[in-house]
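Participant: Chains as they are written, first to last, in the numbering used here: chain V, 1038 to 1413; chain A, 11 to 301.
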Amino acid sequence: MHITRLLAVLAAVCLGAAGAAAQDTIKIGADLPMSGPNAEYGELFGAAANLAAEHANADKMLSKKLVIQFEDSQATPQQGVVAMNKLVNVEKVPYVLSAFTGVSKAIAPVGDKAKVVSVNGGGIGPDLAELGDYFWNVIPLVNLEIRVMAPYLVQERGFKKIALVYVDDPAGEAIQKELKENVPKAGGQMVAELQVPRNAQQFTSIAAKVRESSPDLVFIASFGAQQAQIVKQLRDNGVPQQLASYSAFASPTVTQLPEAKGALFPSQSVDWKAAGMSERVAKDWKAKTNKEPNAYVANYYNAVMVFVKLAQALEKSGQPITGENLLKQRRANGTFDLVGGKMEFLPNGSVSMPIQINEIDGAGGGKLIKAGTMAK
Amino acid sequence: MLLLQLVINGLQLGAIYALTAVGFSLIFGATKVFHVAHGAAFTIAAYLFWWTSAVLHMPWPVAALIAVLAAVLFGLFMERFVYRPIQRHEGAFFTVFIAAFGVQIIVQNLVGTIFGRGFVSVTTSLSRSVEVMPGLFVAPIAAISIVVAIIVFTVLTYYLTRTHTGMAMRALSENPDLIRVFGLDPARVAQYAFAIGSAIVVPGAIFTAMTAGLNPAVGAHVMLISLAATIVGGIGSLRGAACGGLLLGLAENLALWRLDPQWSEAVTFVVLFLFIIFRPAGFFGRPHGAK
């Protein structure tokens, strides 16, 4: 009997402590790949989001401590929805960080129904701009990247014949559609369009098909470990032509690959030396990881900071921090001072930013070769 | 020329699939344990080879030896501490399968935590193709893979047909009591099967580290293909598993001759379904009910 009573008291104390801890924090969610072949992205995005939470807490920007609840999407739509349901229905978060086009499209209806804001900083499919009021993007989508990249490759660099290797996924298909439209417009020609399954790991025969099409440049539209596998196997199997991709090539997996040296990729313009937030993030990121920050670091840092600024405004006006109020506040705020400068949301919840072009330098990073321009 | 290129690529890939499938088939044939964690042995061996050779810059023979030792130890660990306790208590096929599957996921996450979750590969001139004829590119690793697969298969066949332990391994799944009559311990013979089956995975793991590169989830894909190859070849038949691996490697590559690339892996499973429907015993397996 005594033991039962003791256990009951202990349970009550524990539950009370947990409840008190929950009341002392403001929680947001992150539906990111933490396992599987794309876990590297989850690690990178999560570290950037955590840095933003650290800064917000250190500066006491909110009345309570900001914590991020991470759930594993495995970069698959099915697992992403499971994770989103947990964040929305169990954790009751008002704001969720998302990544990957397929995952983002799958979780958007869950967020929309529950009036929970989802913010994407990694997926690039153009249709991510059309997922409803509660889905926002802090990354310029791929249509903007390709509209800058295609004229640069064809007109400025003279790569007229382009072969595309793209993944069988909404992101890959979006890039194929944009290239098909923009390369001929710039005066070039698509000489091969080779779609590969998402889990494919062997590309020696794809290299043979690429060689057969005699391109001036090979554009790779994949992500995660697969894009590095494609680069290595193309180079190993007699494809010496110029390589190019979209912003996913900013991943350390690719920038550190010897075979990827010289590859071109676009990214949003971020001046990491700009005084204030950008400089602070660059300094702290380098101290923590011993690496230079990239555009993804800016995106996920910004995604958290957008929440912090909105929540701060809501707290000031005495309103609860709900998805609905965050949306209203975003529309009222207009612009945000963030990493990379001022960010303004378009009415559809996406952003427009200058796009720069980078070249993989062979030393583990990307060097700027064309300054940021706005997509036409 | 494209067709010839695809055949050569298919043989290279088929050799890697065959090496993995033969190890799995040897273990399953001898012990009837559905060792799904065979893919984890592949991952461990491949990552240790990469780490010791590309990061610590050890000579390749030393790195390969470390990979073999690790794969063998992993196989023995699974037999002794996972499968044997399960079989001692209930031995249900499904329990063994889930336990092995769980270990595969644990290993995948451990490898990701220790070595990083990104892509890694061993850079070597052996994987660099040279143009041997106009439009035909062949890397030295293609020939090495095929030769190694042939040597491993020949040595293994000799071992299984000409040595007492090898013959005992073949008899183990049929009649363990018979093994005792000949003064051998069935548990010890099962350990040999796990040790040898796991060691055979190492050449394929090394070739993959050099050609396709690695990520922590690489073992799951390899295991899937090994299972398909084992079924196509005939469950329990080593010759069948080798031929099945080769056939699937060829099918995956030759599909590109006439089909779009996204069909290449689907073709593998079309071959598998055709075998399941029209020849369920595989290439060399015995039909159900045959004694």
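A virtual CB, placed ideally from N, CA and C, is assigned to each residue, including glycine.
By alpha-carbon positions, which one of 214(A), 275(A), 229(A), 16(A) ends up nearest to residue 121(A)?
Facilitator: The shortest C-alpha separation from residue 121(A) is found at 229(A).
Participant: For residue 45(A), go through chain V and note every residue whose CB falls closer than 8 Å to its CB, in chain order.
Facilitator: Under the 8 Å cutoff, chain V gives no residues; its nearest Cβ is about 22 Å from residue 45(A).
Participant: With a cut-off of 8 Å, does the C-beta of residue 1182(V) fall near any C-beta of chain A?
Facilitator: No - not a single Cβ of chain A is within 8 Å of the one on residue 1182(V).
Participant: Would you please verify whether the beta carbon of residue 1402(V) is less than 8 Å from any beta carbon of chain D?
Facilitator: The structure shown contains no chain D; the protein chains it does contain are V and A.
Participant: What is the rounded straight-line gap between the Cα of residue 1092(V) and the Cα of residue 1072(V)?
Facilitator: Cα-Cα distance, rounded: 27 Å.
Participant: So which residues on chain A does residue 1245(V) lean against when the C-beta distance must stay under 8 Å?
Facilitator: Chain A residues near residue 1245(V): 12, 15, 16, 19, 147, 266.
Participant: Grouping DSSP H, G and I as helix and E and B as strand, with all else coil, what is residue 1210(V)?
Facilitator: Three-state result, residue 1210(V): helix.
Participant: With distances taken Cα to Cα, identify the nearest neighbour of residue 1082(V) among 1400(V), 1382(V), 1249(V), 1133(V).
Facilitator: Nearest C-alpha to residue 1082(V): 1133(V).
Participant: Take residue 1195(V) as the anchor and find which of 1252(V), 1163(V), 1161(V) has the nearest alpha-carbon.
Facilitator: Residue 1252(V) is the option with its Cα nearest to residue 1195(V).
Participant: May I ask whether a heavy atom of the ligand SAM can be found less than 7 Å away from the beta carbon of residue 1167(V)?
Facilitator: This structure simply doesn't include the ligand SAM, nor any ligand for that matter.
Participant: Just to confirm my understanding: we take residue 1213(V), look at its own chain, exclude 5 residues before and 5 after, and list those with CB closer than 8 Å. What are they?
Facilitator: 1201, 1203, 1230, 1232, 1258, listed in sequence order.
Participant: Might you give, ordered along the chain, the residues of its own chain that have their beta carbon closer than 6 Å to the beta carbon of residue 1397(V), omitting 5 neighbours on each side?
Facilitator: Excluding positions up to five away in sequence, the list reads 1292, 1297, 1298, 1300, 1403.
Participant: Would you say residue 1140(V) and residue 1166(V) are within 8 Å of each other, going by their C-beta atoms?
Facilitator: No. Outside cutoff.
Participant: Going by DSSP in three states, residue 44(A) sits in which element: helix, strand or coil?
Facilitator: Coil, per DSSP.
Participant: Quick check: is the beta carbon of residue 1179(V) nearer than 8 Å to any beta carbon in chain A?
Facilitator: No, its Cβ sits nowhere closer than 8 Å to a Cβ of chain A.
Participant: List, in chain order, every chain V residue whose beta-carbon is nearer than 7 Å to that of residue 119(A).
Facilitator: Neighbours of residue 119(A) on chain V, chain order: 1072.
Participant: At the 8 Å Cβ level, is residue 1242(V) part of the contact set with chain A, yes or no?
Facilitator: Interface residue, yes.
Participant: Check the Cβ of residue 150(A) against every Cβ in chain V and list those closer than 8 Å, keeping chain order.
Facilitator: Per Cβ cutoff of 8 Å: no residues; residue 150(A) is ~11 Å from chain V at best.
Participant: Here's the rule I'm using: 16 or more other beta-carbon atoms within 10 Å means buried, otherwise exposed. How should residue 1158(V) be labelled?
Facilitator: By the neighbour-count rule (16 or more Cβ atoms within 10 Å), residue 1158(V) is buried.
Participant: Please name the residue, chosen from 41(A), 24(A), 21(A), that lies closest to residue 180(A) on a Cα-to-Cα basis.
Facilitator: When each option's Cα is compared against that of residue 180(A), the closest is 41(A).
Participant: Judging by CA-CA distance, which residue of 1345(V), 1269(V), 1178(V), 1399(V) is the nearest neighbour of residue 1411(V)?
Facilitator: Comparing Cα-Cα distances from residue 1411(V) to each of 1345(V), 1269(V), 1178(V), 1399(V), the minimum goes to 1178(V).
Participant: Measure the C-alpha to C-alpha separation of residue 1209(V) and residue 1274(V) and round it to an integer number of angstroms.
Facilitator: C-alpha separation (whole angstroms): 23 Å.
Participant: Counting only beta-carbon separations shorter than 8 Å, does residue 271(A) have a partner in chain V?
Facilitator: Cβ-Cβ to chain V under 8 Å: yes for residue 271(A).
Participant: Who are the Cβ neighbours of residue 1351(V) in its own chain at under 8 Å, not counting the five residues just before and after it?
Facilitator: So the qualifying residues of the chain are 1357, 1358, 1362, 1363, 1366.
Participant: Cβ atoms of residue 1377(V) and residue 1315(V): under 8 Å apart, would you say?
Facilitator: Closer than 8 Å, so yes.
Participant: With 9 Å as the limit, tell me which residues of the stretch 1294–1309 of chain V have their beta carbon closer than that to any beta carbon of chain A; keep them in chain order.
Facilitator: From the stretch 1294–1309 of chain V, only 1294, 1295, 1296 have a Cβ closer than 9 Å to chain A.
Participant: Less than 8 Å separating the beta-carbons of residue 1199(V) and residue 1124(V)?
Facilitator: Against a cut-off of 8 Å, the Cβ pair of residue 1124(V) and residue 1199(V) comes out as no contact.
Participant: Counting contacts by CB-CB distance shorter than 8 Å, is residue 1154(V) in contact with chain A?
Facilitator: By this cut-off, residue 1154(V) is not an interface position.
Participant: At a Cβ threshold of 8 Å, is residue 1290(V) touching chain A?
Facilitator: For residue 1290(V), the answer is yes, since a Cβ of chain A falls inside 8 Å of its Cβ.
Participant: Please look up how many angstroms separate the CB atoms of residue 132(A) and residue 63(A), rounded, as I've assumed it's under 8 Å.
Facilitator: Yes, they are in contact, since the Cβ atoms of residue 132(A) and residue 63(A) sit about 6 Å apart, within 8 Å.
Participant: Quick one: is residue 1109(V) buried, meaning 16 or more other Cβ sit within 10 Å of its Cβ, or exposed?
Facilitator: Buried.
Participant: Where residue 1368(V) and residue 1311(V) are concerned, what is the direct C-alpha to C-alpha distance, given to the nearest angstrom?
Facilitator: About 27 Å.
Participant: Could you confirm whether any beta carbon from chain A is found closer than 8 Å to the beta carbon of residue 1237(V)?
Facilitator: By this cut-off, residue 1237(V) is an interface position.
Participant: Please identify the residue among 146(A), 59(A), 110(A) whose C-alpha is closest to the C-alpha of residue 19(A).
Facilitator: The candidate whose alpha carbon is nearest that of residue 19(A) is 146(A).
Participant: Could you name the residues of chain A that residue 1273(V) contacts, counting a contact when the two beta carbons are closer than 8 Å?
Facilitator: Neighbours of residue 1273(V) on chain A, chain order: 137, 138, 139, 149, 221.
Participant: By a C-beta neighbour count over all protein chains shown, 10 Å radius and 16 as the cutoff for buried, is residue 195(A) buried or exposed?
Facilitator: That one is exposed.
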